[in-house]
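Participant: There's a structure below that I have some questions on.
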Amino acid sequence: MKPTILLILGLLLSACAAGKGGEAGGSVEVAQAALRGGAPQIALRAAASLLADDPNNAQALLVQGDALTALGRLGQAEWSYRAVLSRTQRPVGAWIGLGRCLLASNPADAEIQFLEAVRREPRNAAALNDLGVARDLLRRHAEAQSAYRRALAADPEMTGAQVNLALSLAMSGRMAEAEHLMRPYGSDNNASSKLRHDLAAVLAMGGDRAEAARILSADLTPHQVSQALAAYMAARDTGAVDTPPVTGP
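Residues -17 to -1, 1 to 232 (mature numbering (1 follows the signal peptide of the UniProt record, and there is no 0)) make up the sequence shown, in order.
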C-alpha cells in the first residue's frame, strides 16, 4: 500500500524533464520528446540505442532512468541514476530521479537526494516539491509545508505542489487551510479523478465523510469508497496518507 502523496510516481513525477547538463544528441532529444509526449517505451528504446554506441553517455542514462521510472521499473531506474552519479558530469535530474525511486522504500534516503538537488539548484521547483513529499512521509509536516511553499515561490503555477501542500496541511490537522487550497482544484468541472480524490481525502480527514464519499462514488464502487475512506481516516490519525491499490493515481 503506497502513500497517496506518492502519486508523484504518476502525476507529480510526470512533470520531471530530462536532466540538465552535457550535450544532447539527436537520439536523446527524441527520447526526451517521447517522455514529454507520454511514450516512455519509445524513450527507453531511443536511450538504449544511444547507449549501445556510447555506454557512458550520462544524458542517455538519465533519460533511460526517467523512462524506466515512468514504466514503474524503479529498481532498474535506480541503477541508471546511480550510473549517472558515478560520472564526472552529474546533472541535478539524476539526484531527483534517484530520490523518487527511493521514496516508497526509504524516504529518509530520498530526502538526502532531494537536498543535494536543492543545494545545487535552490529554486528547482520539482526538487523542492519532492523534498516536501519525502518529509511528509517522514511525518515532518511543518518542514514539508516549507518545502512546498518554496516550490510554489519558484513556480507559482505548480499544481502538484499546491495539492501536496493541501494534503500535508490536512495531515497536520489544519483542515480549513487544506480545504481552502484544495477546493478550486477538486471541485472544478474539468478536474481529474486524482484531484477529486485528493479533495475527498482532505474532506474525510476534516470529518466530512458524507461529502467525501459522494465525490469518490463518481469513480469507485461502494467497497472501494469504504477502503479509501478508511485510509484517509487512518491518515488523520497517523499523519501519513495511505491509499488502497484500488484507487490508483
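In this text, a Cβ means the ideal position worked out from N, Cα and C, and glycines have one as well.
1. From SER10 to LEU34, what distance separates their C-alpha atoms?
2. To the nearest angstrom, how far is it from the Cα of ALA193 to the Cα of ILE95?
3. When the Cα atoms are used, what is the spatial distance from ALA100 to ARG106?
4. Taking buried to mean at least 16 other C-beta atoms within 10 Å of its own C-beta, is residue 295 buried or exposed?
5. Excluding the five sequence neighbours on either side, which residues of its own chain have a C-beta within less than 6 Å of the C-beta of residue 256, listed in chain order?
6. Should the region 44 to 52 be called in touch with the region 77 to 94, which here means at least 3 C-beta pairs below 8 Å?
7. Roughly how many whole angstroms lie between the Cα atoms of ALA187 and SER209?
8. Just mark ALA1 as buried or exposed, buried being the case when its beta carbon has 16 or more other beta carbons within 10 Å.
9. Helix, strand or coil, according to DSSP, for GLY190 in the structure here?
10. Whose CA, out of ASN40, ASP36, HIS163, LEU150, lies closest to the CA of THR71?
11. Taking all protein chains shown into account, decide if ASP171 is buried (16 or more other Cβ within 10 angstroms of its Cβ) or exposed.
Facilitator: With the given structure in hand:
1. Between SER10 and LEU34, the C-alpha separation is close to 10 Å.
2. Counting only the Cα atoms, ILE95 lies some 40 Å from ALA193.
3. Rounded to whole angstroms, ALA100 to ARG106 spans 10 Å at the Cα level.
4. Residue 295 is absent from the structure shown; the chain starts at -17 and stops at 232.
5. Since the first residue of the chain shown is -17 and the last is 232, residue 256 is not available in this structure.
6. Yes: the two stretches touch, three or more of their Cβ pairs being nearer than 8 Å.
7. If I take the Cα positions, the gap works out to 11 Å.
8. Note on ALA1: pLDDT 38, under 50, position unreliable in the model; the coordinate value appears next. Only buried fits ALA1, as 16 or more other CB atoms lie within 10 angstroms of its CB.
9. Coil at GLY190, not helix or strand.
10. Selected option, being the one with the closest Cα: ASN40.
11. Exposed, since its Cβ has fewer than 16 Cβ neighbours within 10 Å.
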